[in-house]
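> Right, I'll just put the structure down here and ask away after.
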């Protein structure tokens, strides 16, 4: 019903409709309604492709949601294809050190993790972490997530406990710093 209302109320503003469909898709995903999430996010991406073009920065920025939606619907082949194509486009159009490129690379990392491609996962996860630290900063949520993912890969998949502990300690130190700053009123 809600998606039907979007068709009538936002027929003149397709990009607003695309943004709302993405939000609806993310909500469905959070509720565990994965097929509905994929349908909404795919429709959103189709609108962006049509209105802006596949190479537009906003179209590229929306790819991580689509990649995740395919993965959560056990359509890993589609997720890998979209992730690899999107990463190549983002690197060419936006550059390797653009936040959108880092976001897509993070999604590609998950593709490899879910595919049990440990070598690919480590390669992309390490590069995404390096870029995230540089581009987004050490305190950014993506950087912290990548620290945890790298730690997981080193501990569980590669059995390199010392390296895993070092990454976890780094993430914990950053998180503690955030918590202390919040207590002190430094973040709003």
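Residue numbers (the working numbering): 107 to 294. Even glycine gets a Cβ: it sits at the ideal position worked out from N, Cα and C.
#1: According to the neighbour-count rule (16 or more other Cβ atoms, all chains shown, within 10 Å of its Cβ), is residue 154 buried or exposed?
#2: Which residues bound the alpha helix (DSSP H) around residue 266?
#3: With a Cβ-Cβ cutoff of 9 Å, do residue 256 and residue 228 count as a contact?
#4: Let me know the secondary structure DSSP gives residue 162 once reduced to three states.
#5: Am I right that residue 205 and residue 242 are in contact with their C-beta atoms under 8 Å? What's the rounded C-beta distance?
#6: In whole angstroms, give me the CA-to-CA distance for residue 259 and residue 231.
#7: DSSP three-state label for residue 257, please.
#8: Run through DSSP, which three-state label would residue 217 get?
#9: My guess is that residue 161 and residue 199 are in contact by the Cβ rule of under 8 Å, so how many angstroms apart are they, rounded?
#10: Could you pull out every unbroken alpha helix (DSSP H) segment of at least 4 residues lying fully inside the stretch 146-191, listed in chain order?
#11: Near residue 273, which residues of its chain fall below 6 Å by C-beta distance, leaving aside the five closest residues on each side in sequence?
#12: Just reading off the alpha helix (DSSP H) that residue 226 is part of, what are its end residues?
#13: Alpha carbon to alpha carbon, how far is residue 294 from residue 248?
#14: By how many angstroms is the C-alpha of residue 131 removed from the C-alpha of residue 142?
#15: Between residue 246 and residue 280, what straight-line distance do the alpha-carbon atoms span, to the nearest angstrom?
#16: Ignoring anything shorter than 4 residues or poking outside the stretch 112-151, list the alpha helix (DSSP H) runs there in chain order.
#17: If you draw a straight line from the alpha carbon of residue 282 to that of residue 129, how long is it in whole angstroms?
Looking at the coordinates:
#1: Taking the chain shown and counting its residues from 1, the one referred to as residue 154 is at position 48. Label assigned to residue 154: buried.
#2: Locating residue 266 in the chain shown gives position 160, where the first residue counts as 1. It is not in any alpha helix (DSSP H) - residue 266 carries neither H nor E in the DSSP assignment.
#3: Residue 256 sits at position 150 when you count from the first residue of the chain shown. Residue 228 sits at position 122 when you count from the first residue of the chain shown. Yes, Cβ-Cβ distance for residue 256 and residue 228 is below 9 Å.
#4: Taking the first residue of the chain shown as 1, we reach residue 162 at position 56. In this structure, residue 162 counts as coil in the three-state DSSP scheme.
#5: Here residue 205 corresponds to residue number 99 of the chain shown, with the count starting at 1. Here residue 242 corresponds to residue number 136 of the chain shown, with the count starting at 1. Going by Cβ atoms, the distance from residue 205 to residue 242 rounds to 6 Å, so yes, they are a contact pair.
#6: Numbered from its first residue, the chain shown carries residue 259 at position 153. Numbered from its first residue, the chain shown carries residue 231 at position 125. Rounded to the nearest angstrom, the two C-alpha atoms are 9 Å apart.
#7: The count along the chain shown starts at 1 and reaches residue 257 at position 151. Note: residue 257 maps to helix in three-state DSSP.
#8: The count along the chain shown starts at 1 and reaches residue 217 at position 111. The answer is helix: DSSP assigns residue 217 an H, G or I state.
#9: Locating residue 161 in the chain shown gives position 55, counting from the first residue. Locating residue 199 in the chain shown gives position 93, counting from the first residue. Right, their Cβ atoms sit about 5 Å apart.
#10: Scanning the stretch 146-191 from its first residue to its last, the whole alpha helix (DSSP H) runs of 4-plus residues come out as 163-167 and 169-178.
#11: On the chain shown, position 167 is the one that residue 273 refers to. Here the set comprises 253, 256 and 257.
#12: Residue 226 sits at position 120 when you count from the first residue of the chain shown. Looking at the DSSP string, the run of the alpha helix (DSSP H) that includes residue 226 is 224-241.
#13: By one-based count along the chain shown, residue 294 stands at place 188. By one-based count along the chain shown, residue 248 stands at place 142. Reliability of the predicted coordinates at residue 294 is poor, the pLDDT of 49 falling under 50, and no value is obtained from them.
#14: Taking the first residue of the chain shown as 1, we reach residue 142 at position 36. Taking the first residue of the chain shown as 1, we reach residue 131 at position 25. When only Cα atoms are considered, residue 142 and residue 131 end up about 7 Å apart.
#15: Residue numbering aside, residue 246 sits at position 140 when the chain shown is read from its first letter. Residue numbering aside, residue 280 sits at position 174 when the chain shown is read from its first letter. Going from the Cα of residue 246 to the Cα of residue 280 covers about 10 Å.
#16: 120-136
#17: By 1-based counting over the chain shown, the position of residue 282 is 176. By 1-based counting over the chain shown, the position of residue 129 is 23. Straight-line Cα distance between these residues: approximately 31 Å.
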